[in-house]
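Engineer: Residue numbers (the working numbering): 187 to 451. First, the structure itself, so that you have it in front of you.
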């Protein structure tokens, strides 16, 4: 089946939700080989992923994942980025997670080790002595006690190991770089997501809206960061009350002095 779909992708034909959902079962069940996985992912990236294709992959990816059932009362959020901005800044989203939790927010952080940056969220949590291989029930207890937890992507998405070789062979971003921030194992409905391209500013919130998301904000700065930047204008998209709004936020508007990007590199 996957060979037929690879051919369709190479012919620049979009796949239906059901087609890509079905092939994801084969990929995540290890019924395909590394070359097939590599050809499929690279052909999909070259064609360009549609929202239906991303949603079909996301639904099956979450079906194969471990789940955390939070005990907390109140709004739980996640904040992360797609990565891929190649700017080598310190890990902004993880640092922000600590600040939010200290201020009384509840953060169910989902992430991985660094693939292209200085440090991934998993690297930081591990440095502080956090056990990355804790079970879902332990994670739920940590979140209830401390208002912050970390869910290591490699632990909570074990089936993704079947595409790790293909992704390394491709050596550049695939659909899975977009799906990672959308696949929080705690099922959070409120997220701040940094994106590497303005193309995805409104697309990712609309995909999450179809998953029942409540409040989503995506951001990309004009200096190329998949973060809020203090050195440039930030382009944001906000999903709230089932409506999507686009906006631009300058650092000075919120009382911050404009800085230089090199200050955080």
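Virtual Cβ for every residue (Gly too), placed ideally from N, Cα, C.
Are the Cβ atoms of residue 412 and residue 306 separated by less than 8 angstroms?
Structural biologist: No, Cβ-Cβ distance for residue 412 and residue 306 is not below 8 angstroms.
Engineer: Mark residue 391 as exposed unless 16 or more other C-beta atoms lie within 10 angstroms of its C-beta, in which case mark it buried.
Structural biologist: Buried, since its Cβ has 16 or more Cβ neighbours within 10 Å.
Engineer: Please report how far the alpha carbon of residue 343 lies from the alpha carbon of residue 191, in whole angstroms.
Structural biologist: Between residue 343 and residue 191, the C-alpha separation is close to 24 angstroms.
Engineer: Between which two residues does the alpha helix (DSSP H) holding residue 309 run?
Structural biologist: Per DSSP, residue 309 belongs to the alpha helix (DSSP H) from 307–313.
Engineer: Leaving aside the five residues before and after residue 434 along the sequence, list all residues of the same chain whose C-beta is less than 8 angstroms from its C-beta, in chain order.
Structural biologist: Contacts found: 419, 420, 421 and 422.
Engineer: Using a Cβ-Cβ cut-off of 8 angstroms (strictly less than) and excluding sequence neighbours within five positions of residue 229, which residues of its own chain qualify?
Structural biologist: Taken in chain order, the residues that qualify are 192, 195 and 196.
Engineer: Could you check how far apart the C-beta atoms of residue 188 and residue 218 are, in whole angstroms? I think they sit under 8 angstroms.
Structural biologist: 5 angstroms between Cβ atoms; contact.
Engineer: Just tell me which of 254, 297, 198 and 338 has its CA closest to the CA of residue 277.
Structural biologist: Measuring from the Cα of residue 277, the nearest candidate turns out to be 297.
Engineer: From residue 238 to residue 225, what distance separates their C-alpha atoms?
Structural biologist: So the alpha carbons of these two residues sit roughly 20 angstroms apart.
Engineer: So, helix, strand or coil for residue 412, using DSSP?
Structural biologist: If DSSP states are grouped into helix, strand and coil, residue 412 belongs with coil.
Engineer: Within 10 angstroms of the Cβ of residue 377, are there 16 or more other Cβ atoms? Answer buried if so, exposed if not.
Structural biologist: Buried, because 16 or more other Cβ atoms sit within 10 Å of the Cβ of residue 377.
Engineer: Just the Cα atoms here: how many angstroms apart are residue 371 and residue 417?
Structural biologist: C-alpha separation (whole angstroms): 33 angstroms.
Engineer: Starting from residue 327, follow the beta strand (DSSP E) in both directions and report where the run begins and ends.
Structural biologist: No beta strand (DSSP E) holds residue 327; the alpha helix (DSSP H) holding it covers 322–332.
Engineer: Residue 430 to residue 258, Cα distance in whole Å?
Structural biologist: If you take the alpha carbons of residue 430 and residue 258, they lie about 28 angstroms apart.
Engineer: Assuming residue 335 and residue 294 make a contact with CB atoms under 8 angstroms, what is their CB distance in whole Å?
Structural biologist: Confirmed, about 6 angstroms.
Engineer: With which residues is residue 296 paired in a DSSP beta bridge?
Structural biologist: Answer is 337, bridged to residue 296.
Engineer: What span of residues does the alpha helix (DSSP H) with residue 346 cover, start to end?
Structural biologist: Where residue 346 is concerned, there is no enclosing alpha helix (DSSP H), given that its DSSP letter is neither H nor E.
Engineer: CB residue 338 to CB residue 318, shorter than 8 angstroms?
Structural biologist: Contact: yes.
Engineer: Let me know if residue 439 comes out buried or exposed under the rule of 16 or more other beta-carbons within 10 Å of its beta-carbon.
Structural biologist: The residue is exposed, with fewer than 16 neighbouring Cβ atoms inside 10 Å.
Engineer: Which of the three DSSP states, helix, strand or coil, is assigned to residue 454?
Structural biologist: Because the chain in this structure spans residues 187 to 451, residue 454 falls outside the shown range and cannot be described.
Engineer: Kindly list the residues whose CB is nearer than 7 angstroms to the CB of residue 127, restricted to its own chain and excluding five residues on each side of it in sequence; keep chain order.
Structural biologist: Nothing can be reported for residue 127, as the shown portion of the chain is limited to 187 through 451.
Engineer: Report the rounded CA-to-CA distance for residue 214 versus residue 250, giving the unit in angstroms.
Structural biologist: If I take the Cα positions, the gap works out to 8 angstroms.
Engineer: Give the straight-line distance between the Cα atoms of residue 205 and residue 325, rounded to the nearest whole angstrom.
Structural biologist: Answer to the nearest angstrom: the Cα atoms are 34 angstroms apart.
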